[in-house]
Amino acid sequence: MRILFQFDMDHDGYIPTTDLKRSIRDSAFSFGLNPSEIDGMMVHMDRDGDKLIDFPEFCTLMSQVKRRRLLHLMFRAAQFVVPRSQRTEPFDYLQKYKCCPPPIFMLIVSVIQLAIYAYYTVEAGEGVSITGPVPTSSPLIFNPHRKSEVWRFVSYMFIHIGLYHVIFNILTQLMLGIPLELVHQWRVIAVYLAGVLSGSLLVTAVDPHVFLAGASGGVYALLAAHLAELVMNWSEVELRRTPLVRESQPFIQMEFNWVRAIILTVLIGSDAAVAIFQRYFVSKTDKVSYVSHIGGFVAGALLGIVILRNFRRHRWEGKLWWTALATYTFFIATCIVLIVAPDIT
Numbered sequence: 001m002r003i004l005f006q007f008d009m010d011h012d013g014y015i016p017t018t019d020l021k022r023s024i025r026d027s028a029f030s031f032g033l034n035p036s037e038i039d040g041m042m043v044h045m046d047r048d049g050d051k052l053i054d055f056p057e058f059c060t061l062m063s064q065v066k067r068r069r070l071l072h073l074m075f076r077a078a079q080f081v082v083p084r085s086q087r088t089e090p091f092d093y094l095q096k097y098k099c100c101p102p103p104i105f106m107l108i109v110s111v112i113q114l115a116i117y118a119y120y121t122v123e124a125g126e127g128v129s130i131t132g133p134v135p136t137s138s139p140l141i142f143n144p145h146r147k148s149e150v151w152r153f154v155s156y157m158f159i160h161i162g163l164y165h166v167i168f169n170i171l172t173q174l175m176l177g178i179p180l181e182l183v184h185q186w187r188v189i190a191v192y193l194a195g196v197l198s199g200s201l202l203v204t205a206v207d208p209h210v211f212l213a214g215a216s217g218g219v220y221a222l223l224a225a226h227l228a229e230l231v232m233n234w235s236e237v238e239l240r241r242t243p244l245v246r247e248s249q250p251f252i253q254m255e256f257n258w259v260r261a262i263i264l265t266v267l268i269g270s271d272a273a274v275a276i277f278q279r280y281f282v283s284k285t286d287k288v289s290y291v292s293h294i295g296g297f298v299a300g301a302l303l304g305i306v307i308l309r310n311f312r313r314h315r316w317e318g319k320l321w322w323t324a325l326a327t328y329t330f331f332i333a334t335c336i337v338l339i340v341a342p343d344i345t
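Numbered per full-length UniProt numbering, the sequence shown spans residues 1 to 345.
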């Protein structure tokens with residue numbers, strides 16, 4: 001960062017590509033580039049055509065020309081989950097990141113979920129299907145008649161009902177979870193598990209006679225956290241001084257926002273439709289609840305504000321942080337009261 005920013009003469013966070021190219025050619029040793037890497041740098045620089053480069057763009061470019069593929073993927077992942085105006089700090093962090101601990105939580109959970117689904121599919125002897133098997137006798141599934149077995153409030157995330165269910169959850173949590181885990185580390189684990197727990201608590205409170213299976217609570221927590229970030233940073237206004245204009249003017253950054261919003265909407269809508277179909281139309285007994293999706297979404301939207309790293313702090317965000325924490329606490333307390341109250345009366 002220090003090497004790059006020493007060429008930022010007006011301290012606006014951007015360097016004209018012509019100046020950077022000249023500096024790299026004159027001071028290749030300072031940038032740690034050999035002649036072939038310099039040639040690659042010149043070819044790939046300024047792909048967006050704005051004649052400017054900032055620190056995140058420089059990091060991504062350097063990782064590409066130096067063939068550091070893992071680091072390049074990490075920068076690409078950060079671009080997916082961090083708005084452009086907030087990327088300097090996380091990119092500086094990722095530049096020094098040694099993958100210790102590596103972002104493998106989502107990968108490990110996904111492998112376990114797929115293995116358990118395969119086990120119960122073989123055990124049932126029914127073959128692979130869209131809506132089954134339903135292993136209601138499993139010690140992992142949330143059984144409404146065994147609420148005293150408290151591990152079921154979380155362990156149900158390893159059981160899935162049907163091929164679509166397991167594939168959707170695994171692909172979604174890998175697609176969203178790994179980029180989030182790279183940037184936010186252990187905080188993503190907390191949000192994911194909180195979504196799982198919130199889902200089971202809400203189901204027990206409002207739909208207490210159904211079984212609960214699947215990682216949808218955790219997946220929807222990730223979806224909500226990502227969607228909240230997308231909405232709050234939908235239109236980033238940045239002031240850029242470019243060679244193409246005489247003076248600074250607002251530049252609206254809406255980097256793939258519509259595409260990301262459509263993808264998230266399709267994911268949420270399709271999964272919710274399948275869950276509702278399974279709840280009301282598949283079987284008259286051993287019904288599986290979809291309410292956990294709502295609980296997970298609430299947890300992700302609120303705890304995403306509380307737990308995930310905030311790279312650009314505003315004064316009003318302190319109030320938002322406390323509001324989100326208080327709301328989530330009230331949500332959990334209400335669920336617990338609704339669960340316990342019938343037993344007391």
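Beta carbons are placed, not taken as given, at the ideal position from N, Cα and C, and that holds for glycine.
Quick caveat: nothing in here was measured; it's all calculated off a predicted structure.
Of all alpha-carbon atoms in Tyr164, Val191, His209 and Val291, the one lying nearest the alpha-carbon of Gly177 is that of Val191.
The beta carbons of Ile116 and Gly162 sit no closer together than 8 Å. Contact between Ile336 and Leu201 holds, since their C-beta atoms are separated by about 7 Å, short of 8 Å.
Counting only the Cα atoms, Thr323 lies some 40 Å from Pro135.
For Ala215 and Pro16, the gap between their C-alpha atoms comes out near 47 Å. About 17 Å separates the beta carbons of Gln113 and Val188, which is beyond the 8 Å limit, so they are not a contact pair.
Within the same chain, Cβ atoms closer than 7 Å to the Cβ of Phe168 are found at Asp271, the five residues on either side in sequence being excluded.
The beta carbon of His160 lies closer than 7 Å to those of Gln113, Tyr117, Val166, Asn169, Ala213 and Gly214 in the same chain, with the five residues before and after it left out. Boundaries of the alpha helix (DSSP H) harbouring Tyr120: Phe105 to Ala124, taken from the DSSP string. Leu264 is positioned such that its CB atom lies closer than 8 Å to that of His226. Relative to the Cα of Phe330, the nearest Cα in the group Leu308, Arg315, Asp343 and Leu302 belongs to Leu302.
For Ile161, there is no enclosing alpha helix (DSSP H), as DSSP marks it with neither H nor E. Leu52 carries a strand assignment under DSSP once its states are collapsed to helix, strand and coil. Under the three-state reduction of DSSP, Pro139 is assigned to coil, being neither helix nor strand. Residue range Arg315 to Ile344 is occupied by the alpha helix (DSSP H) that includes Pro342. Distance between Ile108 and Thr18, taken at the CA atoms: about 45 Å. Comparing C-alpha distances from Phe105 to each of Ser148, Tyr156, Met175 and Thr121 shows the shortest one belongs to Met175. Taking the C-beta atoms as reference points, Val210 is found nearer than 8 Å to Pro144. DSSP links Ile15 through a beta bridge to Ile53. A distance below 8 Å separates the beta carbons of Gly296 and Gly218. The beta-carbon separation of Leu223 and Gly300, rounded to 7 Å, stays under the 8 Å limit for a contact. Sixteen is the threshold: since fewer than 16 other Cβ atoms of the shown chains lie within 10 Å of the Cβ of Ser148, the residue is exposed. Secondary structure at Leu182: helix, using DSSP grouped into helix, strand and coil. Relative to the Cα of Ala326, the nearest Cα in the group Leu338, Pro342 and Val298 belongs to Val298. Under the three-state reduction of DSSP output, Leu308 falls in the coil class, being neither helix nor strand. If you check the CB distance, Val128 and Thr121 come in under 8 Å. Taking 8 Å as the cut-off, the Cβ atoms of Ile339 and Thr204 count as close. Going by C-alpha positions, Trp321 is about 29 Å away from Val266.
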